[in-house]
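Report on one structure; see the data block that follows.
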Amino acid sequence: MLWTDDVSEPSRVGAVCGFAVLLTEVLSYHLGLALFVAAVAAMVFRLRLSAAVLAGLGLVLAGPALLSFARAAPELPVAPASCFTVLTCNTLFMQADLDVVESIVREERPDVVIFQEVWADRAEEITRRFAADYPNSVAPSSSRWGCVVLSRAPFVGDVGAIPGPSVWPIDQPTVIVDYEGRRVEVVGVHLPSPMQLERSAAAPAMAVAVAEWVGARGVGPGAPDAIVLAGDFNAPITTGRMAPLREAGLAEAQATAGRGRGATWPDRTPLRFFPGTRLDQIAFTDGLRCVESRVMGSTGSDHRPTLARFVWK
């Protein structure tokens, strides 16, 4: 993957503008709820026209997300053990309680587990803890931002990676596993946080790079039967900066088979009492059908784990 100089040395003005656009997209739901509250206050003071306008704007902004709560989660067509299940968990630099994470893993029995923000010198702590059930693993060689990938089944072929630019030199590990005699390639995703302007500008370019990789991997000899991207995208896949992923044909598990918004962040500090946003996501290509998407309970990290189950179409 090639990176241009403007990605390695992003414009501060461009980064600020990009962050402002992202913030507007992410907070539209929250603004819609605030407008509903303002509409109620206007009604109290008998400002009926103002109340109607505020409620209408609130409905435009928050309505689509509110409808997701009315959607019933689909029934599993097969037993969970017959599904291909992926769980992703951001550890907040190993601050997550691994005992809690382990209890979730034992209960849900995912086929592949992906951890983000793992210190390289503590990756062995995770691989060793889960080795009995997940003997196949990929761990970061450096950095505190790395991904650990665990799998019940052996990897098929070589382990790969989608490299990042110099401003965010975090490889996105790729592994291929067998599911019912067909191959699924799983990518551990961790894109830059928009809160760090010097790195945020690299996120859209990385989304393009990942989308191009998905397009290239999905065709030709040796192509997997399906691709799953799971991890901390640091932006909802519905936002503009994630558009290349949607254009590459990737669907997101929560929008397909979940109920509600599926918010995963923030889960620490007083902000956890307010509506959050979905940063941790599981996206997939057309070969699979998502039959379940759920957000797990708190682990001590600022992100909640998220899980998705798939069957072949």
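The numbering of the sequence shown is our numbering, which starts it at 558 and goes up by one.
A virtual CB, placed ideally from N, CA and C, is assigned to each residue, including glycine.
Legend entry - Heavy atom of the ligand NAD within 8 Å of Arg-603 beta-carbon: Summarising the ligand content, the structure contains no ligands, and the ligand NAD is consequently not present.
Legend entry - Ser-699 - DSSP class collapsed to helix/strand/coil: The sequence position of residue 699 within the sequence shown is 142, counting from 1. Secondary structure at Ser-699: coil, using DSSP grouped into helix, strand and coil.
Legend entry - Through-space distance from Phe-576 to Pro-730, alpha-carbon basis: Counting from 1 along the sequence shown, the entry for residue 730 is found at position 173. Counting from 1 along the sequence shown, the entry for residue 576 is found at position 19. Whole-angstrom Cα-Cα distance: 26 Å.
Inset, instruction - State the beta-bridge partners of Phe-867 as determined by DSSP. - result: Taking the first residue of the sequence shown as position 1, residue 867 is located at position 310. Phe-867 pairs with Phe-641, Cys-847.
Inset, instruction - Below 7 Å CB to CB, which residues in the same chain sit around Asn-791 once its five sequence neighbours on both sides are set aside? - result: Residue 791 sits at position 234 when you count from the first residue of the sequence shown. Setting aside the 5 residues that flank it on each side, Asn-791 is surrounded in the same chain by Leu-748, Pro-749, Ser-750, Pro-751, Ala-760, Leu-836, each with a C-beta closer than 7 Å to its C-beta; the list follows chain order.
Legend entry - Opposing strand residues paired with Gly-788 [DSSP bridges]: The residue you call residue 788 lines up with position 231 of the sequence shown. In DSSP, Gly-788 forms a bridge with Val-746, Gln-838.
Legend entry - Beta-carbon contacts of Val-570 that lie in its chain and below 6 Å, excluding the five residues immediately before and after: Counting from 1 along the sequence shown, the entry for residue 570 is found at position 13. Cβ within range, chain order: n/a, list empty.
Inset, instruction - With a 10 Å radius around its C-beta and 16 neighbouring C-beta atoms as the bar for buried, classify Pro-778 as buried or exposed. - result: Numbered from its first residue, the sequence shown carries residue 778 at position 221. Only exposed fits Pro-778, as fewer than 16 other CB atoms lie within 10 angstroms of its CB.
Inset, instruction - Could you check the C-alpha separation between Gln-811 and Phe-831 for me, to the nearest Å? - result: Indexing the sequence shown from 1 puts residue 811 at position 254. Indexing the sequence shown from 1 puts residue 831 at position 274. Note on geometry: alpha-carbon atoms of Gln-811 and Phe-831 lie some 20 Å from one another.
Inset, instruction - Quick one: give me the first and last residue of the alpha helix (DSSP H) that Tyr-586 is part of. - result: Here residue 586 is taken as the residue at index 29 of the sequence shown, counted from 1. Taken as a continuous stretch (DSSP letters only), the alpha helix (DSSP H) holding Tyr-586 covers 585-601.
Inset, instruction - Can you tell me which of Ser-694, Gln-652, Ala-814 puts its alpha carbon nearest to the alpha carbon of Val-670? - result: Looking up residue 670 in the sequence shown gives position 113. Selected option, being the one with the closest Cα: Ser-694.
Inset, instruction - Would you mind working out which of Pro-621, Thr-645, Pro-781 sits nearest Arg-851, comparing C-alpha positions? - result: For this step, residue 851 is matched to residue 294 along the sequence shown. The shortest C-alpha to C-alpha distance from Arg-851 to any of Pro-621, Thr-645, Pro-781 is the one to Thr-645.
Legend entry - 6 Å Cβ shell around Phe-593 - same chain, five flanking residues per side excluded: What you label residue 593 is simply residue 36 of the sequence shown in a count that begins at 1. Once the five neighbours on either side are set aside, the close Cβ partners of Phe-593 are Gly-615.
Legend entry - Per-residue DSSP class, three states only, for Pro-730: Working through the sequence shown from its first residue, we reach residue 730 at position 173. Under the three-state reduction of DSSP, Pro-730 is assigned to strand.
Legend entry - Cβ-based burial, Ala-619 [other Cβ within 10 Å; buried from 16]: Taking the first residue of the sequence shown as 1, we reach residue 619 at position 62. Classification for Ala-619: buried.
Legend entry - Integer Cβ distance of Arg-818 from Ser-625, believed to fall under 8 Å: Walking along the sequence shown from the start, residue 818 turns up at place 261. Walking along the sequence shown from the start, residue 625 turns up at place 68. Confirmed, about 6 Å.
Inset, instruction - Enumerate in chain order the residues of its own chain whose CB-to-CB distance from Ala-718 is below 8 Å, with the five nearest sequence positions on each side excluded. - result: Counted from its first residue, the sequence shown places residue 718 at position 161. Taken in chain order, the residues that qualify are Asp-728, Gln-729, Pro-730, Thr-731.
Inset, instruction - Look at the alpha carbon of Gly-703 and the alpha carbon of Leu-649, and state the distance between them as a whole number of angstroms. - result: Walking along the sequence shown from the start, residue 703 turns up at place 146. Walking along the sequence shown from the start, residue 649 turns up at place 92. Rounded to the nearest angstrom, the gap between the Cα atoms of Gly-703 and Leu-649 is 11 Å.
Inset, instruction - Compare the C-alpha of Asp-859 against each of His-587, Met-651, Ala-599 and name the closest. - result: As a first step, residue 859 is located in the sequence shown; it is residue number 302 there, counting from the start. The shortest C-alpha separation from Asp-859 is found at Met-651.
Legend entry - Same chain only: Cβ atoms within 8 Å of Val-617, ignoring 5 sequence neighbours per side: Residue 617 sits at position 60 when you count from the first residue of the sequence shown. Cβ-Cβ distances below 8 Å link Val-617 to Gly-589 in the same chain, with the five nearest sequence neighbours on each side left out; the list follows chain order.
Inset, instruction - Reducing DSSP to helix, strand and coil, say where Gln-753 ends up. - result: Your numbering for residue 753 matches position 196 in the sequence shown. Of the three classes helix, strand and coil, the one that applies to Gln-753 here is coil, per DSSP.
Legend entry - Nearest-angstrom Cβ-Cβ length linking Val-741 and Ala-783, presumed shorter than 8 Å: Your numbering for residue 741 matches position 184 in the sequence shown. Your numbering for residue 783 matches position 226 in the sequence shown. Yes, they are in contact, since the Cβ atoms of Val-741 and Ala-783 sit about 5 Å apart, within 8 Å.
Legend entry - Rounded distance between the beta-carbons of Trp-869 and Glu-755, thought under 8 Å: Residue 755 sits at position 198 when you count from the first residue of the sequence shown. Residue 869 sits at position 312 when you count from the first residue of the sequence shown. With 8 Å as the limit, Glu-755 and Trp-869 do not qualify as a contact, their Cβ atoms being about 42 Å apart.
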